[in-house]
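Its first residue numbered 1, the sequence shown is counted upward by one per residue in full-length UniProt numbering.
All C-beta atoms in this analysis are idealised placements derived from N, C-alpha and C, irrespective of residue type, glycine included.
Below: the structure, in structure tokens.
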Amino acid sequence: METNEIDHTDVQRTIGEASGWITTDQLENAREKPRKRQTKADSGDRETEEEAEKQDATEQLSTDEEGFPTMASIQAELDSFSAFDTRHYDDAGNHLLTVVDISGIHITAICPCKCPQQSPFRAQLLQIGLYPATQKSPRTAFTFQLLESFRLMNLECKVTAMSFYKYLQRVTDPILPHATPDQQTMEIPPKQAGLWVCARFQSQDWIKDLGGAWKYSRSFVMDGNFSAEHMKLKNDDDFDLTGGSGYFTASLRYQAHLQIADDKQPKSTCHEHKAVNQVHATQKHLTATGIGAIACARHGCFMPDTVVDFQKGERQVNMDYALCHALGKLEGMPRAAIIYDIACQFNVHFSARVSRSDYLKFSDTIQIIWGIGLFHIHGHQDVCLSRYSPDLIPGIGKVDGEVLETLWSQLNEICGSTRSMTAAHRREVLNDHMLDSNRKKMLNIVQSLSRKYIQALQASEVAEEGYRNLTANADQSLIT
């Protein structure tokens, strides 16, 4: 069967416009207004108003508790149409209409009535509780309940049409929301449309390829977020259902580590960094001043069991625990790159701190390579730039080391709500949002890599030409 394409831009625009054009009263009038009968041209017979109202009463749609037509009644009404000539049809010749409802995006076959006295197709849709996306030959329609729901969510929750439509995509297909038919797909050149790039987890191929083990090294980004704070509560005895099985570390073991850890902070040998100088800053009304986390530097996925709460500032005892849990998942890996805003200070006594604690451990075979994100490194001394810049670290690839900053901006939207939750509830909500972030990263990684691969091929030609020009004009004795 040939599927109908959904124009995302048109759908979003129509949701926004229709929800603003039509008020609740107008929706009710559109549902309940009797259809006017036209005079037949050949006979001149006219139906009376009483006969029209009687016929409308027999054709009344079943509604839900709020008075909106149900999807079942809309489908039944659509099935009653007789014929319609259009390019978008199935094998049986039925017109395919995209119906957008709060239950998702549905493609259904219909046969609109084309009798001489019948109303235009757009009017027929309104009569059965559907608002057409266009006035001429509509291929997409929205239920009145959907438009009213978006209107209220926009007023109370400030939800945009783009966000609301993404919600509908996920309701339609929770596994592959981006697989919802899109008209834009038809505009991709043939070579790009058939391009697929395999996205896979880290393999153990390095065991057979020791000479190229650098290709299989992992890279992590560490950072703190002081927007994810938590207030002190009088009654905070809620039970934690995850218990360290999510992205937050197990609370009891983490607290045991903090009690015995050496909290002395060495004096900074670099510039005055806030993360170094305010490690002992306390706020009495908070049980957690923020969180620290570790994410994959390449794909921006939160690492499980590595998110920790801060009791004061961004202390080494907090980030030590998170980092060891991340490194502990790399058993047998030859090397790992760790990018941290203050890596020049953090790494100095890291091995000594690990050796003194019963709660910190990772494989001795891992070679740790330290780096500083490309944005933060310019606030360090010049010696840090040459030593810790990701651009100058062999085998680390092209990463900026700032991916957690982009993740924080999304997570901060929920931090205002989690601030006054119980500790267990807060961890569960933040875990859920981190899981959703990782999920979207994994679902979109193929499309993202495909797009970036094409851009890289185009940019490589420019880079190669520049390299050849530079080589041709350079002193040949300096070329190795």
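Return the bridge partner residues of residue i from the DSSP annotation.
{"i": "Y340", "result": "M222"}
{"i": "Q367", "result": "R335"}
{"i": "Y89", "result": "H95"}
{"i": "A293", "result": "D223"}
{"i": "H230", "result": "A288"}
{"i": "P132", "result": "A141"}
{"i": "F164", "result": "DSSP, once it has assigned bridges, lists no residue as partnering F164."}
{"i": "D309", "result": "I291"}
{"i": "F302", "result": "A295"}
Have a look at the options and flag the residue whose alpha-carbon is nearest the alpha-carbon of residue i.
{"i": "H106", "options": "Q381, T172, A288", "result": "T172"}
{"i": "D91", "options": "I102, Y167, I110", "result": "I110"}
{"i": "residue 566", "options": "K284, E331, M442", "result": "With the chain covering only 1 through 480, there is no way to say anything about residue 566."}
{"i": "P112", "options": "S103, K234, N94", "result": "N94"}
{"i": "M333", "options": "A322, I366, V308", "result": "I366"}
{"i": "V348", "options": "L96, Q265, K441, Q458", "result": "Q265"}
{"i": "K329", "options": "C296, D309, A343", "result": "C296"}
{"i": "R353", "options": "Y216, T134, D320", "result": "D320"}
{"i": "L443", "options": "P132, C324, L176", "result": "L176"}
{"i": "F239", "options": "T134, D305, M421", "result": "M421"}
{"i": "N235", "options": "L252, D400, A423, L457", "result": "A423"}
{"i": "C301", "options": "R151, L457, V403, S245", "result": "V403"}
{"i": "G373", "options": "S351, I396, F362", "result": "I396"}
{"i": "S363", "options": "M303, E331, S357, W408", "result": "E331"}
What is the rounded straight-line gap between the Cα of residue i and the Cα of residue j?
{"i": "V446", "j": "L385", "result": "33 Å"}
{"i": "D341", "j": "W370", "result": "10 Å"}
{"i": "A123", "j": "Y165", "result": "25 Å"}
{"i": "T287", "j": "S448", "result": "39 Å"}
{"i": "E53", "j": "L125", "result": "Because E53 carries a pLDDT of 44, less than 50, the predicted location of this residue cannot be relied on, and no value is offered for it."}
{"i": "Q311", "j": "G292", "result": "11 Å"}
{"i": "S227", "j": "R426", "result": "13 Å"}
{"i": "Y359", "j": "E465", "result": "53 Å"}
{"i": "residue 486", "j": "T160", "result": "Outside the displayed span of the chain (1 to 480) sits residue 486, for which this structure offers no information."}
{"i": "F346", "j": "A326", "result": "16 Å"}
{"i": "I294", "j": "V307", "result": "7 Å"}
{"i": "R335", "j": "R451", "result": "29 Å"}
{"i": "V383", "j": "I377", "result": "10 Å"}
{"i": "Q135", "j": "A141", "result": "11 Å"}
{"i": "P394", "j": "R298", "result": "15 Å"}
{"i": "N154", "j": "M162", "result": "11 Å"}
{"i": "T289", "j": "E229", "result": "5 Å"}
{"i": "Q455", "j": "Y388", "result": "27 Å"}
{"i": "Q145", "j": "L152", "result": "11 Å"}
{"i": "T471", "j": "A463", "result": "12 Å"}
{"i": "H380", "j": "E156", "result": "45 Å"}
{"i": "A256", "j": "R315", "result": "16 Å"}
{"i": "Y247", "j": "L96", "result": "44 Å"}
{"i": "A459", "j": "N438", "result": "29 Å"}
{"i": "E461", "j": "T406", "result": "30 Å"}
Buried or exposed: residue i, going by 16 or more other Cβ atoms within 10 Å of its Cβ?
{"i": "T249", "result": "buried"}
{"i": "F220", "result": "buried"}
{"i": "R468", "result": "exposed"}
{"i": "Q169", "result": "buried"}
{"i": "P390", "result": "buried"}
{"i": "V317", "result": "buried"}
{"i": "R139", "result": "buried"}
{"i": "R218", "result": "buried"}
{"i": "F121", "result": "buried"}
{"i": "E49", "result": "Low confidence applies to E49: its pLDDT is 42, below 50, so where it sits in the model is not reliable enough to give any reading."}
{"i": "N225", "result": "buried"}
{"i": "N412", "result": "exposed"}
{"i": "I338", "result": "buried"}
{"i": "N473", "result": "exposed"}
{"i": "D309", "result": "buried"}
{"i": "I479", "result": "exposed"}
{"i": "G416", "result": "exposed"}
{"i": "P174", "result": "exposed"}
{"i": "I260", "result": "exposed"}
{"i": "G401", "result": "buried"}
{"i": "S80", "result": "In this predicted model, S80 has a pLDDT of only 49, less than 50, meaning its place in the structure is not dependable; the value taken from the coordinates is given anyway. When all chains shown are included, S80 counts as exposed."}
{"i": "S149", "result": "buried"}
For the alpha helix (DSSP H) that contains residue i, what are its first and last residues?
{"i": "G466", "result": "423-473"}
{"i": "F248", "result": "Premise fails: F248 is in no alpha helix (DSSP H) and is neither H nor E."}
{"i": "A322", "result": "316-327"}
{"i": "D382", "result": "382-388"}
{"i": "R122", "result": "121-127"}
{"i": "Q118", "result": "First-last for Q118: undefined, no H or E at that position."}
Starting from residue i, trace the beta strand (DSSP E) both ways and give me its first and last residue.
{"i": "F142", "result": "140-143"}
{"i": "T98", "result": "95-101"}
{"i": "residue 486", "result": "An answer regarding residue 486 cannot be provided, because it is not within the stretch 1 to 480 covered by the chain."}
{"i": "F350", "result": "From DSSP, F350 is part of no beta strand (DSSP E) but of the alpha helix (DSSP H) over 350-355."}
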